[in-house]
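*Asks:*
Protein chains in written order, with the numbering used here: chain Z, 1 to 270; chain G, 1001 to 1270.
#1: Identify every residue that forms a DSSP beta bridge with residue 1220 of chain G.
#2: Give a yes or no on whether the C-beta atoms belonging to residue 229 of chain Z and residue 179 of chain Z are separated by under 8 Å.
#3: For the region 127-140 of chain Z, list every residue whose C-beta sits within 8 Å of some C-beta in chain G, in sequence order.
#4: I'd like to know if residue 206 of chain Z contacts chain G, where contact means its C-beta is closer than 8 Å to some C-beta of that chain.
#5: So, at 8 Å on beta carbons, what are the nonlocal neighbours of residue 1183 of chain G in its own chain, with the 5 sequence-adjacent residues on each side left out?
#6: Which one or two residues does DSSP pair with residue 98 of chain Z in a beta bridge?
#7: So residue 1060 of chain G and residue 1031 of chain G are supposed to be a Cβ contact under 8 Å. How far apart are they, rounded?
#8: Which of the three DSSP states, helix, strand or coil, is assigned to residue 104 of chain Z?
#9: If the criterion is Cβ atoms closer than 8 Å, does the pair residue 1109 of chain G and residue 1040 of chain G meet it?
#10: Report the residue from Z/155, Z/115, Z/133, Z/156 whose alpha carbon sits nearest the alpha carbon of residue 145 of chain Z.
#11: Reducing DSSP to helix, strand and coil, say where residue 1072 of chain G ends up.
#12: Let me know if residue 92 of chain Z comes out buried or exposed under the rule of 16 or more other beta-carbons within 10 Å of its beta-carbon.
#13: Does DSSP put residue 274 of chain Z in a helix, a strand or coil?
#14: Less than 8 Å between the C-beta atoms of residue 1016 of chain G and residue 1049 of chain G, yes or no?
#15: Beta carbons nearer than 9 Å to chain G: which residues of the region 5-26 of chain Z have them?
#16: Is it buried or exposed for residue 1083 of chain G, if we count other Cβ within 10 angstroms and need 16 for buried?
#17: Using the rule of at least 16 other Cβ atoms within 10 Å of the residue's Cβ for burial, across every protein chain shown, is residue 165 of chain Z buried or exposed?
#18: Taking 8 Å as the cut-off, decide whether the C-beta atoms of residue 1136 of chain G and residue 1046 of chain G are in contact.
#19: With distances taken between CB atoms, is the gap from residue 1073 of chain G to residue 1174 of chain G smaller than 8 Å?
#20: How many angstroms separate the CA atom of residue 66 of chain Z from the CA atom of residue 57 of chain Z?
#21: Between which two residues does the beta strand (DSSP E) containing residue 1120 of chain G stretch?
#22: Helix, strand or coil: how does DSSP classify residue 25 of chain Z here?
#23: Hey, does residue 62 of chain Z have any beta-carbon neighbour from chain G nearer than 8 Å?
#24: Would you please verify whether the beta carbon of residue 1041 of chain G is less than 8 Å from any beta carbon of chain Z?
#25: Pull up the CB-CB distance for residue 1088 of chain G and residue 1161 of chain G, whole angstroms please, since I reckon it's below 8 Å.
#26: According to the neighbour-count rule (16 or more other Cβ atoms, all chains shown, within 10 Å of its Cβ), is residue 1133 of chain G buried or exposed?
#27: Taking buried to mean at least 16 other C-beta atoms within 10 Å of its own C-beta, is residue 147 of chain Z buried or exposed?
#28: Have a look at residue 188 of chain Z and residue 125 of chain Z and give me their C-alpha separation to the nearest angstrom.
#29: In chain order, what residues of the same chain lie with their CB nearer than 7 Å to the CB of residue 1036 of chain G, ignoring the 5 residues before and after it?
#30: With a threshold of 8 Å between beta-carbons, can residue 150 of chain Z be considered close to chain G, or not?
#31: In three-state DSSP terms, what is residue 131 of chain Z?
#32: Secondary structure at residue 46 of chain Z, three-state DSSP: helix, strand or coil?
#33: At a CB-CB cut-off below 7 Å, which residues of chain Z make contact with residue 1263 of chain G?
#34: Using the DSSP secondary-structure output, state which residues sit across from residue 78 of chain Z in a beta bridge.
#35: State the DSSP-derived secondary structure class of residue 1157 of chain G, mapped to helix, strand or coil.
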């Protein structure tokens, strides 16, 4: 049973469009918009609460099972025209399936992180494509969880959700105001805390003996980690480089760090 | 001495704007548009022939030395208004410096590749951000050269140039029609040829003993390497994965492969 929407002035459509565009509105509503069959299905299977679901006639024809599943999971479902669907889309060729989802509780959950695992810390990562890629890689490599500062771009932005391939729904994540208190708390729990820095004097990541549990912290694309965050960490590690480029892209650097961490940890069986 | 452009109908501006937007026009003219202080300077220092240079009054004030250098290197220089500069820009906040550059000769130069080095092969990579990131990483990690199929997106597109951080100007690259003949030619030269595949039966990249010279090939984002390219290679290698994600982003996968290749090769001293 779906309600039918014919006007772009419909409050549910306007609400969803605002969730698409404004990080502030997402925070205020504690909700976000997921787009596309795959991402919506990922949300549903990850136990994300689906408040509203929107779909087009065309989507129902192309993806009948997925629309059915999502209609069942959603508290309310709406049928809308292709044209209205365009207004909810961040892509060039919308599939015509959208879900308004309740944000997951990512705050204050350092305690929920795997106490024996390998974690990643991200300080003030600005680019949504970078953040999405890093989260996708973290999941692919089996990272136990990610700690992000509130200075990072919004994990519920369309680009991050899409780039992460749904990892946002599944990865344990904690949002913290600033990094140093989190680093200190993890150290108390027995984590080895490591700051990634572009400094040839730091320990090459290839020579670090990663013991579990540990965390590697990666900083902002332009400025790197804050001095106080570097000071809060027990060790400073770096990616040795051979070529001429000044540095690696932030998502590649984070990926190589995670790779070395997982490669070196006994569980990895790489 | 610069000519002053006041109209957007000026043929030099229209020509540059077409180079920005059309890969076909770039190929036809054998030229491309580089934007921004850093990229234009990289082009100049890399021996790229600068046919025309455009700058704004504001750019001259902010970057006097760079404008001076580029004016000297360029065959013709033009001063233009901020507004006209906006029309040549692929960025939100243009710096007001642009160079029309002659394409480098990247064809038919398998012979120019380091015969004792580690190479990367890219087949039909579609996303310009991925390609730019991969080229940047290749340079940062000291890869000897990159072989690309013509099915890859244009290396002179604004996104690839920017994402590569100028690596396009410096990395030895060869553009080939299809991969199998290039693979065969490299094998003849003594290269070990390896196809990267998402297949748990293939050799884990962490256990490969890379001998120099060698090449790893990476395929299209959606479809991977073509079957005939995989067959042309001597070995099949894969990135072992631990988490739940189906796969890694193409630029991250290529980065991890290059990293392992350089890490394992004796010269690396990682």
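Yeah, the Cβ is synthetic: ideal placement off N, Cα and C, and Gly gets one too.
*Replies:* This is what the structure gives:
#1: G/1224
#2: yes
#3: 129, 133, 136, 137, 138, 139, 140
#4: yes
#5: 1121, 1193, 1215, 1217, 1229, 1232, 1233
#6: Z/35, Z/54
#7: No, residue 1060 of chain G and residue 1031 of chain G are not in contact; Cβ-Cβ is about 24 Å, not under 8 Å.
#8: coil
#9: no
#10: Closest option to residue 145 of chain Z, Cα to Cα, is Z/115.
#11: Under the three-state reduction of DSSP output, residue 1072 of chain G falls in the helix class.
#12: The Cβ neighbour count for residue 92 of chain Z, taken over all protein chains shown within 10 Å, is under 16; the residue is labelled exposed.
#13: Since the first and last residues shown for chain Z are 1 and 270, residue 274 of chain Z lies out of range.
#14: no
#15: none
#16: Counting of Cβ neighbours within 10 angstroms places residue 1083 of chain G among the exposed residues, the total staying below 16.
#17: buried
#18: no
#19: A distance of 8 Å or more separates the beta carbons of residue 1073 of chain G and residue 1174 of chain G.
#20: 13 Å
#21: 1118-1122
#22: Residue 25 of chain Z falls in the helix class under three-state DSSP.
#23: Judged by the 8 Å Cβ criterion, residue 62 of chain Z is not in contact with chain G.
#24: no
#25: With 8 Å as the limit, residue 1088 of chain G and residue 1161 of chain G do not qualify as a contact, their Cβ atoms being about 14 Å apart.
#26: buried
#27: Counting Cβ neighbours within 10 Å, residue 147 of chain Z comes out buried, since at least 16 surround it.
#28: 25 Å
#29: Contacts found: 1095, 1097.
#30: When Cβ-Cβ separations below 8 Å define contact, residue 150 of chain Z makes no contact with chain G.
#31: helix
#32: Three-state result, residue 46 of chain Z: coil.
#33: 206
#34: Z/3, Z/54
#35: The three-state secondary structure of residue 1157 of chain G, taken from DSSP, is coil.
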